[in-house]
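In our numbering, the protein residues as written are 113 to 430.
Virtual Cβ for every residue (Gly too), placed ideally from N, Cα, C.
Just so we're clear, the structure is a prediction, and the values are computed from it rather than from any experiment.
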Amino acid sequence: MELLRVEHLKKYFETPRGLLHAVDDLSFTISQRQTLGVVGESGCGKSTLGRLLLHLIDNTSGKIIFDGEDISNISDAKRRELCKRMQMIFQDPFASIDPRKTVSQTIAEPLRVFHLGSDREISEKVAEMMDLVGISPRIRNAYPHELDGGRRQRVGIARALILRPEFVVCDEPVSALDVSIQAQIINLMLELQESLGLTYIFITHDMSVVRHVSDNILVMYLGQVVETANSEDIFASPLHPYTQALLSAVPVPDIDHKTERIILRGEITSPINPKHGCRFASRCIYAKERCFHEDPALTEVTGGHCAACHFVKEINGL
Ligand SMILES: Nc1ncnc2c1ncn2[C@@H]1O[C@H](COP(=O)(O)OP(=O)(O)O)[C@@H](O)[C@H]1O
Ligand code: SF4
Ligand SMILES: [Mg+2]
Numbered sequence: 113m114e115l116l117r118v119e120h121l122k123k124y125f126e127t128p129r130g131l132l133h134a135v136d137d138l139s140f141t142i143s144q145r146q147t148l149g150v151v152g153e154s155g156c157g158k159s160t161l162g163r164l165l166l167h168l169i170d171n172t173s174g175k176i177i178f179d180g181e182d183i184s185n186i187s188d189a190k191r192r193e194l195c196k197r198m199q200m201i202f203q204d205p206f207a208s209i210d211p212r213k214t215v216s217q218t219i220a221e222p223l224r225v226f227h228l229g230s231d232r233e234i235s236e237k238v239a240e241m242m243d244l245v246g247i248s249p250r251i252r253n254a255y256p257h258e259l260d261g262g263r264r265q266r267v268g269i270a271r272a273l274i275l276r277p278e279f280v281v282c283d284e285p286v287s288a289l290d291v292s293i294q295a296q297i298i299n300l301m302l303e304l305q306e307s308l309g310l311t312y313i314f315i316t317h318d319m320s321v322v323r324h325v326s327d328n329i330l331v332m333y334l335g336q337v338v339e340t341a342n343s344e345d346i347f348a349s350p351l352h353p354y355t356q357a358l359l360s361a362v363p364v365p366d367i368d369h370k371t372e373r374i375i376l377r378g379e380i381t382s383p384i385n386p387k388h389g390c391r392f393a394s395r396c397i398y399a400k401e402r403c404f405h406e407d408p409a410l411t412e413v414t415g416g417h418c419a420a421c422h423f424v425k426e427i428n429g430l
């Protein structure tokens with residue numbers, strides 16, 4: 113069953129240098145209990161997409177249909193209600209919260225905002241949630257700065273799930289963590305998906321992370337989808353030159369996990385007032401004359417596997 117449908121979604125930011133096309137005509141669907149991985153380099157519009165879906169920012173145009181209802185232009189009251197059904201897990205859950213709140217106060221906050229239960233009921237719900245995400249009751253009165261990255265992210269997950277949402281946007285949830293901890297958090301998220309029936313959008317710049325969690329994958333480049341398919345097909349036979357480059361990039365040793373590992377040559381085209389043509393052309397080893405003035409449309413190449421490239425068949429010998 114389809115839970116979310118996005119149609120021609122756009123978000124343009126006004127900047128002193130012109131209109132910045134952060135999200136530029138995205139369309140996709142997500143089924144219940146599935147995970148859509150959204151992958152692409154820093155600045156390609158992933159977080160903007162996540163924020164649009166949760167109404168943290170307004171869209172420029174396009175539709176967001178959640179559970180059969182168009183929620184692209186809704187009242188503030190309705191938006192507040194939707195908050196219970198749609199939540200976000202951030203890269204650093206503590207970047208946006210009060211450092212003077214303890215673990216249990218942090219997790220309880222959404223319940224308090226919505227006045228959901230007496231003090232005792234709230235405290236029971238928090239204890240139950242802490243158990244579910246594997247946080248020891250011993251640290252319930254600890255402060256965020258006293259916790260390591262993995263525990264902090266468990267608290268972030270607990271806080272996002274305390275209202276029992278159906279749909280969760282996970283924005284680089286493991287990108288700030290050590291690789292050993294990443295696997296623990298990913299496994300926890302997969303278990304929670306199963307037990308709570310969650311639907312995820314999993315945003316990351318890291319191809320190796322997206323592979324483990326996604327049913328379907330959307331590869332983004334400068335605000336647009338360049339390739340989409342189920343996870344297996346993307347990894348077995350990437351069709352778009354950009355995806356191929358992402359997959360061939362050699363991970364550098366794990367010195368600083370926050371640096372992005374993608375190695376590609378050429379200048380990234382500016383997202384401000386982009387010209388016609390393929391946005392990847394300046395870095396594409398296959399680029400021809402046509403690529404620089406004609407936009408490639410996202411088209412189905414093989415069953416359910418779509419790419420936006422004029423020469424996708426030639427490049428892949430199809
Ligand atoms: N509030 C804003 N005002 C202007 N430009 C923005 C704003 N938020 C994001 N951008 C721009 O939109 C583009 C996409 O950003 P973002 O969605 O954060 O990308 P990602 O999450 O993939 O790194 C970037 O060029 C970024 O600079
Ligand atoms: S349309 Fe041209 S520039 Fe763009 S990916 Fe395909 S071959 Fe490369
Ligand atoms: Mg981001």
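Practice prompt. Spell out the partners DSSP gives residue 282 in its beta bridges.
Written response: 201 and 314
Item to complete: Can you have a look at residue 352 and say buried or exposed, based on whether 16 or more other CB atoms are within 10 angstroms of its CB?
Response: buried
Worksheet entry | Rounded separation between residue 220 and residue 290 - CA only | Near 27 Å, if we compare the C-alpha coordinates of residue 290 and residue 220.
Worksheet item: Which residue comes first and which comes last in the beta strand (DSSP E) that contains residue 336?
Response: That run of the beta strand (DSSP E) goes 336-342.
Discussion item. I believe residue 260 touches residue 203 by the beta-carbon criterion, under 8 Å. Please report the beta-carbon distance rounded to the nearest angstrom.
Written reply: Wrong, their Cβ atoms sit about 15 Å apart, outside the cutoff.
Worksheet item: residue 362: buried (16+ other C-beta within 10 angstroms of its C-beta) or exposed?
Response: No answer about residue 362 holds up, because its pLDDT of 46 lies below 50 and its placement is not dependable.
Worksheet item: In the structure shown, what three-state DSSP assignment does residue 372 receive?
Response: Only weak support exists for where residue 372 lies, its pLDDT of 41 falling under 50; the value from the coordinates is given anyway. Here residue 372 sits in coil by DSSP.
Worksheet item: Would residue 319 pass as a contact of residue 151 if the rule is Cβ separation under 9 Å?
Response: yes
Worksheet entry | Pair within 9 Å by beta-carbon distance, residue 341 and residue 328 | yes
Worksheet item: At what residues does the alpha helix (DSSP H) containing residue 300 begin and finish?
Response: 291-308
Discussion item. If you reduce the DSSP assignment to three classes, tell me which class residue 172 lands in.
Written reply: coil
Practice prompt. Measure from the C-beta of residue 351 to each C-beta in chain B and report whether the shortest distance is under 9 Å.
Written response: Looking for chain B here will not work: only one protein chain is present.
Worksheet entry | Segment contact flag, the segment 152-167 with the segment 272-287, C-beta cutoff 8 Å, min 3 pairs | The segment 152-167, when compared against the segment 272-287, does touch it at the 8 Å Cβ threshold.
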